[in-house]
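Protein chains: 2
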Amino acid sequence: MGLIPAAVERLAAEFGRLPGIGPKTAQRLTFHCMSATPESTQRLAGALRDLHDGVRACRRCFFIADDELCAVCSNPRRDRTLLCVVEEPLDVLAVERSGEFGGVYHVLGGALSPIDGVGPDQLRIEALERRLDDGEVSEVVIATDPDVEGEATAHYLGERLASREVVVSRLAHGLPAGADLQYADEVTVARAFAGRRLV
Amino acid sequence: MGLIPAAVERLAAEFGRLPGIGPKTAQRLTFHCMSATPESTQRLAGALRDLHDGVRACRRCFFIADDELCAVCSNPRRDRTLLCVVEEPLDVLAVERSGEFGGVYHVLGGALSPIDGVGPDQLRIEALERRLDDGEVSEVVIATDPDVEGEATAHYLGERLASREVVVSRLAHGLPAGADLQYADEVTVARAFAGRRLV
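Chain order of the listed sequences is A and B. For the record, in the first sequence the residue sitting at position 103 is 103 according to UniProt numbering, with numbers rising by one throughout. For the record, in the second sequence the residue sitting at position 188 is 188 according to UniProt numbering, with numbers rising by one throughout.
This is the structure in structure tokens:
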């Protein structure tokens, strides 16, 4: 028999599976939930339960959405000639926080990483090309992370799109190397947008 | 209309209410749950939902339990003459990790803090006195946190129990001042137990 009730061990184990949550933090969160009101714990449980039902990927750009199209793609005031390519949905939020970009997005779903078995076919590159086929987009801004995988992905995209009638640019290296785009502050992201350069 | 689906905003807000989870971490946990399998998110939701049903406070010592008595109080091999008084249930785990203590516990439910409106009546001090009335306990080890509130609580308990036929001791100040007992490492807690002194 353990020292702690099974229901408590179970919750601590589930918290511990979240990224960046170690065993001690998981235990602390669990004990917080126990001493909190049952209502507040049930609110968190309900929000988790309903998450996947209330969210889908945007049919066009693969950002998160609660309908066929996300809030960006369904906004008629966004500039459809300007398309920003990012790795993950959280990266869209980082770019939006900068206030520097009025176009639309394309979420690749990751970056090239041969060691992890992620090649071009594992990313949404064909879907990107299909979006470019109709000729509405005049500039593609590549905003992959400034790390090895992101650089490789940007380089690959630059070559793959080179034959097209579209300007391909990249965010400037105002971004600190080796970091994640989604952690960058607004000013850094804004400067990187302003200083984007041709591939 | 916001940029993010309501179900996502809602989960991020609930994560953000947990202690030590800021807005960016809450967002990151939320996006992790979205990209994780629905099953793993439902497991966390289920663990939260079932938490309060599977847990109660031990009738005797107020540590967490899945029955009337907790695992410590229902263990016949624990020394019932030695009683360790702690603030919170997590403190019991810190003492157990030290391996230095074979007695039983009493969880006060906090520490004296006039500024927060916590006086002796808000703590489980009367319940402690009722436990001492039958004379089985020969030593009370006060293991409140080594911060201002914990020191005040230890001092108050020392005076309140002074007229009883029981030895009252306190953990030694091997514990770093101003910290929480539940974060202390095993060796520090063990030394503090070994060096406990009479009040």
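Yeah, the Cβ is synthetic: ideal placement off N, Cα and C, and Gly gets one too. Values in this document were obtained by computation on a predicted structure and should not be read as measured data.
- A straight-line Cα-Cα distance of about 42 Å links Q182 (chain B) and D66 (chain A).
- When the five nearest sequence neighbours on each side are left out, the beta carbons in the same chain lying within less than 6 Å of the beta carbon of C58 (chain A) are those of A65, L69, C70, C73, in order along the chain.
- Just measuring C-alpha positions, the residue of A:G103, A:L157, A:R17, A:E88 sitting nearest L128 (chain A) is A:L157.
- At least one CB atom of chain B sits nearer than 8 Å to the CB of F31 (chain A).
- Annotation for L11 (chain B): T30 place their beta carbon closer than 6 Å to its own, counting only its chain and skipping 5 residues before and after.
- Any Cβ of chain B closer than 8 Å to the Cβ of T41 (chain A) would place that residue at the interface, and such an atom is present.
- Approximately 24 Å separates the beta-carbon atoms of V140 (chain A) and V187 (chain A); this is outside 8 Å, ruling out the contact.
- The stretch 41 to 48 of chain B makes contact with the stretch 43 to 59 of chain A, as at least three CB pairs between them are under 8 Å.
- For D79 (chain B), the secondary structure class from DSSP, reduced to helix, strand or coil, is strand.
- Rounded to whole angstroms, the separation of the alpha carbons of V199 (chain A) and E159 (chain A) is 9 Å.
- For E139 (chain A), there is no enclosing alpha helix (DSSP H); the enclosing beta strand (DSSP E) covers residues 139 to 142.
- Around the Cβ of G150 (chain A), a 10 Å sphere holds 16 or more other Cβ atoms; the residue is buried.
- Minimum Cα-Cα distance from R28 (chain B) among the listed residues B:V118, B:F15, B:T37 corresponds to B:F15.
- Among the residues of chain B, none has a CB under 8 Å from the CB of R60 (chain A); the nearest is roughly 15 Å distant.
- Contact check for L90 (chain A) against T153 (chain A) fails: the beta carbons are separated by 8 Å or more.
- Taking the beta carbon of P5 (chain A) as reference, the chain B residues within 7 Å of it are G54, V55, I64, A65, D66, listed in sequence order.
- Distance from the Cα of P23 (chain A) is smallest, within the candidate group A:A177, A:E9, A:P114, for A:E9.
- The Cβ atoms of R197 (chain A) and S163 (chain A) do not sit closer than 8 Å to each other.
- For E14 (chain B), the C-beta contacts it makes with chain A under 7 Å involve R43, L44, A47, in order along the chain.
- With its beta carbon less than 8 Å from one in chain A, Q27 (chain B) belongs to the interface.
- Look at V167 (chain A) here: in three-state DSSP terms it is strand.
- Pairwise C-beta distances place the stretch 114 to 121 of chain B out of contact with the stretch 92 to 100 of chain B, as fewer than three of them are shorter than 8 Å.
- Around the beta carbon of V148 (chain A), fewer than 16 other beta carbons sit within 10 angstroms, so the residue counts as exposed.
- For R124 (chain B), no CB of chain A lies under 8 Å from its own CB, so it is not counted at the interface with that chain.
- In this structure, the alpha-carbon of A179 (chain B) lies about 11 Å from that of T144 (chain B).
- Between E186 (chain A) and chain B, the shortest Cβ-Cβ separation is not below 8 Å.
- Within 8 Å of the CB of G2 (chain A), the CB atoms of chain B belong to A71, in sequence order along the chain.
- The straight-line gap separating the alpha-carbon atoms of A192 (chain A) and L83 (chain A) is approximately 15 Å.
- Cβ neighbours of F101 (chain B) within its own chain (closer than 8 Å, five residues either side excluded): L82, C84, V95, V141, F193.
- For G20 (chain B), a Cβ of chain A is located within less than 8 Å of the residue's own Cβ.
- No Cβ of chain A is located within less than 8 Å of the beta carbon of L82 (chain B).
- In the structure shown, V72 (chain A) adopts coil according to DSSP, grouped into three states.
- The C-beta of P89 (chain A) comes closer than 8 Å to at least one C-beta of chain B.
- Within a 10 Å sphere around the beta-carbon of A47 (chain A) sit 16 or more other beta-carbons, which makes this residue buried.
- Under the Cβ distance rule, R17 (chain A) counts among the residues neighbouring chain B, one pair being separated by less than 8 Å.
- Rounded to the nearest whole angstrom, the C-alpha separation of A177 (chain A) and V189 (chain B) is 42 Å.
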